[in-house]
Structures are given as C-alpha cells and as structure tokens.
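S.K.:
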Amino acid sequence: MEYSQEQYKKDQKRFGLMASLPIVVAITHLLFTVIYMSIVTAHQDGTYGNVFLLGEMFATSSFGAILIGQGGSETAIRSLPAMLGVVLGLAMIFLSTSAVKGKKLPYYISFGVYLFDSVMIIPAMLCSIFLTGSGIHYMVVDYSITILLHLIFIGLFLYGVRIIKRMEDYEVKLALQANTIHITKGDTL
0 MEYSQEQYKK DQKRFGLMAS LPIVVAITHL LFTVIYMSIV TAHQDGTYGN
50 VFLLGEMFAT SSFGAILIGQ GGSETAIRSL PAMLGVVLGL AMIFLSTSAV
100 KGKKLPYYIS FGVYLFDSVM IIPAMLCSIF LTGSGIHYMV VDYSITILLH
150 LIFIGLFLYG VRIIKRMEDY EVKLALQANT IHITKGDTL
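In numbering that gives the first Met the number 0, the protein residues as written are 0 to 188.
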C-alpha cells in the first residue's frame, strides 16, 4: 500500500502528539522526585533504606540518591536527586517545546537524553546491590518498575522516530517528483 497525502497528514498529527512525549516523561519523573523528597524529609531518624520510588525517578537521580545516601547529609540526599531531575526534566521540556513546533532534531535530542538516563539504570542498580549499607537503595519493586517505565517510554519514543522516518521519506519522494517534473519541463522548452 502506497503512503498517501492523507496518511502524511495523520502522521503530522501523531508527531505533534509524540513531540509532547518528553514533557509527559519529565512531569512523570519529576512528580515522583517530589514524592521521594517528601518521604526522605519524613525520615528524620536516618533510616533511608526503606525509601521507595527510586525506580520511578530519572535513573540519573536515583543513581545520585544511592551514592549520596551511603553517608551524605539529609540536605544532600534531598537536593542532589532533585537537582539532577530538574536539569533533565527542564532539558526535555525545552526540547519538547521546539519539537511541538514541527522541528524534528529536538525530538531526537530529547530521545538521546532519555537513552542516556536509561543507561544510568545499570550503575544505579549495581550500586544499589553492592552498596547495601544503611543508605538508600532500590527496593525489589523498584528494579522492575524502573525497567518497565523506561521500556515503555523508549517504545513510545521509537514510535515517534518511526513516524518521523515515514514523513521524511514521503517528503523526499515529493521533492524528487517535483524536481523530476521541473527538469522534464525545462528540457522540453
């Protein structure tokens, strides 16, 4: 089946929706970061080992929380993951606002930022396993949730990349047809 103008218009609408995905990702992770911070604040006695929601935050934030949670101050335990989450979240939101305007490169960059964050799952999990002192670590449910959440968002990003690819192929096809027609008309004159 040939890709048509109607399908192209549908894909443009889908891309508009997918371009807002980084905003959804950032809000989701930042919301769980705020909840994490409130839980850490509630544990004034220093028993941070049972803090949950590390798996729902950006993996970079979780990694920072696990490292600093091995002996850092309460302020550092709250602020480092929040700072890392805000930096990643704002970057993704900024890139998404450019992507919503129809620019494709910011979408690719935000996907790259999220892939970097997804790679940070590995050191976060390794530190959580091997640094099991009295500090912060992943709970059993966090391992599955962080992998599942990242796989879902990566799948959605890949769907957006597929839409972009179809649209670009169609645009190239139209441009080639336009050039062929122009050259043919020019040759006959």
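Note that the Cβ used here is the ideal one computed from N, Cα and C, for glycine as well.
Hey, quick one: how far does the alpha helix (DSSP H) through S127 stretch, first residue to last?
M.R.: S127 -> alpha helix (DSSP H) spans I120 to F129.
S.K.: Can you say whether Y2 is buried or exposed, counting buried as having 16 or more other CB atoms within 10 angstroms of its CB?
M.R.: By the 10 Å Cβ count, Y2 comes out exposed.
S.K.: Could you tell me whether the Cβ atoms of A58 and M119 are closer together than 8 Å?
M.R.: Yes; because the gap between Cβ atoms is below 8 Å, this pair is in contact.
S.K.: So what's S95 in DSSP terms, helix, strand or just coil?
M.R.: Helix.
S.K.: What three-state label does DSSP hand H136 in the structure shown?
M.R.: DSSP places H136 in coil when its eight states are reduced to three.
S.K.: So, under 8 Å CB-CB, D116 and L87 are touching, yes? Tell me the CB distance rounded to an integer number of Å.
M.R.: At roughly 6 Å, the Cβ-Cβ gap stays under 8 Å, so D116 and L87 are in contact.
S.K.: Exposed or buried, S127, counting other C-beta atoms within 10 Å across all chains shown (16 or more means buried)?
M.R.: Label assigned to S127: buried.
S.K.: Do the stretch 151-170 and the stretch 71-79 touch if we need at least three Cβ pairs shorter than 8 Å?
M.R.: Verdict: no, contact absent.
S.K.: Determine the DSSP secondary structure at Y2, reduced to helix, strand or coil.
M.R.: Coil, per DSSP.
S.K.: Hey, is F152 close to the ligand MN, as in C-beta under 7 Å from one of its heavy atoms?
M.R.: The ligand MN is absent from the structure shown, which contains no ligand whatsoever.
S.K.: Would you report the Cα separation of Q11 and I108, rounded to the nearest angstrom?
M.R.: Rounded to the nearest angstrom, the two C-alpha atoms are 19 Å apart.
S.K.: Is DSSP giving K9 helix, strand or coil here?
M.R.: If DSSP states are grouped into helix, strand and coil, K9 belongs with the helices.
S.K.: Hey, is the stretch 168-177 in contact with the stretch 90-99, meaning 3+ C-beta pairs nearer than 8 Å?
M.R.: No, because fewer than three Cβ pairs between the stretch 168-177 and the stretch 90-99 fall closer than 8 Å, the two stretches do not touch.
S.K.: Excluding sequence positions up to five away, which residues of its chain have a Cβ less than 6 Å from the Cβ of D168?
M.R.: Excluding sequence neighbours, D168 sits near nothing in its chain.
S.K.: What are the boundary residues of the alpha helix (DSSP H) that includes A58?
M.R.: From DSSP, the alpha helix (DSSP H) with A58 extends over A58 to I67.
S.K.: Please confirm whether L20 and G159 have their CB atoms less than 8 Å apart.
M.R.: Yes. Within cutoff.
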